[in-house]
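Below: one structure, written as structure tokens.
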């Protein structure tokens, strides 16, 4: 059961229409219809292999990189159909940032990690790059910890710091949407709390779509949430309602820990 | 009883692997020590900076040092871009299929071909057919073909070892495939690629048969890419083989060994510094 679109159409930022994604002949996502509102935190939860990662990677077209993947249906970012032939994929990925499950700094300095994206489009001016780095690192709540060692290798940071650096790196272009795929798995509670609080601040300017590391995390930070199971969207709705009073039996069973 | 048997097996195995390692080290040490002891007394500034007289019985080896450096440089400058390019194609730009298997089969076969065959090919093709004559260019091209498989192989392995997530991160930040290769993949793979290039340097510096057939054995200082030349290894071979001067042969050998050692040490140091910047 998918309920009707929850908010006025203008407020919808990312819309999936009849989206199916196949790995060869194996379906990873089946006929998903979903509307993600602007400037909220939207959580996709469900057991592993439920299609969360596939769904996230459909929004910035990272699935395109996997051989043998094909897609049916549409994804809209605002009013733009992102799989339309005229879409500039690199530009799309600058508008839709992504943070991966494990902290994944590139083997270069903290500074170079943050300005990796801007450098790709030819930003060379030192002062401009420094501005970008400071702004992004501040938004990711890590500026104070790294401002005195921007030019040391990023791999020397702790895991939690590395992940916040990765968030900063994906914010360097001031994207409209930020996709996070279990960003706090393997991190300690303090790092997790920092990341969650920075996401709450970020949603003022960015639409956040997260596959949370746990249901608890989903209920802590999400405004809306959707439950996925074996590639199908089971239920979607306002987070408070979904986690306390789910409509679908399977959602309830998963939330209460009857399977998972 | 069983416990004792197992312990004895352990002991024997340990002794055998220790012995193997020790023997390897001993052989290596003996060869280097022998040549250095026999050769170093004759390595003087005049020897390094002088020109040979009487076919190399007296005088120095400067032309052969220049020849070695030039030939190796040409070989590396040609083989590195070709080899790394092929490796990038195989790993990043195509999927496993008939073509990649064919290329891999080809390079592996090439790696097993004796150098004299490369020399013969170089002589027939570069020296005669293309009319390049005995020259640094002919020799360099031949050596490039010879070391290409090594560079492709090591580069491919180094590129494959780069974590997939680096590519994902790069693409997710809006990079094109080429930007991903040059900015995220190659810098990480550089130490492995450099290992292949250094192996190539070693083989080029030490090669004789293929070089005699393609670059000649002139003792004059080369003046252009089209000059014939003689490398240190060839000089060593001719001095020893034709009984011109065993002392000079050993001295040349000593310089050769020290040069290869120096290249290895310098390259390792450079790589260590490079790695330290990233980690």
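Residue numbers (the numbering used here), protein chains in the order written: chain L, 1 to 260; chain R, 261 to 539. We put the beta carbon where it would ideally sit given N, CA and C, even for glycine.
| Query | Result |
| --- | --- |
| Nearest-angstrom beta carbon gap, residue 13 of chain L and residue 37 of chain L [assumed within contact, 8 angstroms] | 6 angstroms |
| Minimum Cβ-Cβ distance from residue 104 of chain L to chain R less than 8 angstroms | yes |
| Test: residue 117 of chain L CB closer than 8 angstroms to a CB of chain R | yes |
| Short CB-CB distance (under 8 angstroms) between residue 351 of chain R and chain L | no |
| N- and C-terminal bounds of the beta strand (DSSP E) containing residue 238 of chain L | 232-238 |
| Contact list for residue 552 of chain R against chain L, beta-carbon separation under 8 angstroms | Only positions 261 to 539 of chain R appear in this structure, which leaves residue 552 of chain R out of reach. |
| Proximity test, Cβ basis, 8 angstroms: residue 60 of chain L and chain R | yes |
| Pair within 8 angstroms by beta-carbon distance, residue 412 of chain R and residue 491 of chain R | no |
| Per DSSP, the bridge partner or partners of residue 177 of chain L | L:96, L:207 |
| Residues of the region 399-433 of chain R whose Cβ lies closer than 7 angstroms to any Cβ of chain L, in chain order | 425, 426, 428, 429, 431, 432, 433 |
| is_contact[residue 512 of chain R, chain L] using C-beta, thresh 8 angstroms | no |
| Sequence-distant residues of the same chain with beta carbon closer than 6 angstroms to residue 446 of chain R, five excluded per side | none |
| Proximal chain L residues relative to residue 533 of chain R, where beta-carbon distance stays under 9 angstroms | Correct list: empty, because the minimum Cβ distance to chain L is about 13 angstroms. |
| Range of the contiguous alpha helix (DSSP H) that encloses residue 457 of chain R | 446-466 |
| Sequence-distant residues of the same chain with beta carbon closer than 6 angstroms to residue 472 of chain R, five excluded per side | 494 |
| Assigned exposure category for residue 161 of chain L - 16 Cβ within 10 Å defines buried | buried |
| Residue environment, residue 375 of chain R, which counts as buried when at least 16 other CB atoms sit within 10 Å | buried |
| Secondary structure of residue 278 of chain L, DSSP reduced to three states | Only positions 1 to 260 of chain L appear in the structure, and residue 278 of chain L is not among them; the question remains open. |
| Beta carbon proximity, residue 148 of chain L to chain R, threshold 8 angstroms | no |
| Any C-beta of chain L under 8 angstroms from that of residue 490 of chain R | no |
| Where residue 506 of chain R falls, given that 16 or more other Cβ within 10 Å makes a residue buried | exposed |
| Selection from L:251, L:241, L:209 that minimises the alpha carbon distance to residue 228 of chain L | L:251 |
| Residue 384 of chain R classed as buried or exposed, judged by whether at least 16 other C-beta atoms fall within 10 angstroms | exposed |
| Any alpha helix (DSSP H) of 4 or more consecutive residues that is wholly inside the region 392-421 of chain R | 396-420 |
| For residue 141 of chain L, the three-state DSSP class (helix, strand or coil) | coil |
| 7 angstroms CB neighbourhood of residue 54 of chain L in its chain, flanking five on each side removed | 21, 28, 29, 63 |
| Cut-off 8 angstroms between Cβ atoms - residues of its own chain near residue 75 of chain L, not counting five sequence neighbours on either side | 14, 15, 16, 17, 19, 58, 59, 81, 82, 83 |
| Neighbour flag for residue 100 of chain L against chain R, beta carbons, 8 angstroms | yes |
| Residue 396 of chain R beta carbon less than 8 angstroms from that of residue 487 of chain R | yes |
| Beta-carbon proximity check, residue 387 of chain R vs residue 489 of chain R, cutoff 8 angstroms | no |
| Cα-Cα separation, residue 290 of chain R to residue 513 of chain R | 14 angstroms |
| Residues bridged to residue 23 of chain L [DSSP beta-bridge criterion] | L:26, L:69 |
| Among R:469, R:337, R:278, nearest to residue 377 of chain R - alpha-carbon criterion | R:469 |
| Min CB distance residue 324 of chain R to chain A below 8 angstroms | This model lacks chain A altogether; the protein chains it does include are L and R. |
| Neighbour flag for residue 455 of chain R against chain L, beta carbons, 8 angstroms | no |
| Whole-angstrom distance between residue 331 of chain R and residue 391 of chain R, CA atom to CA atom | 18 angstroms |
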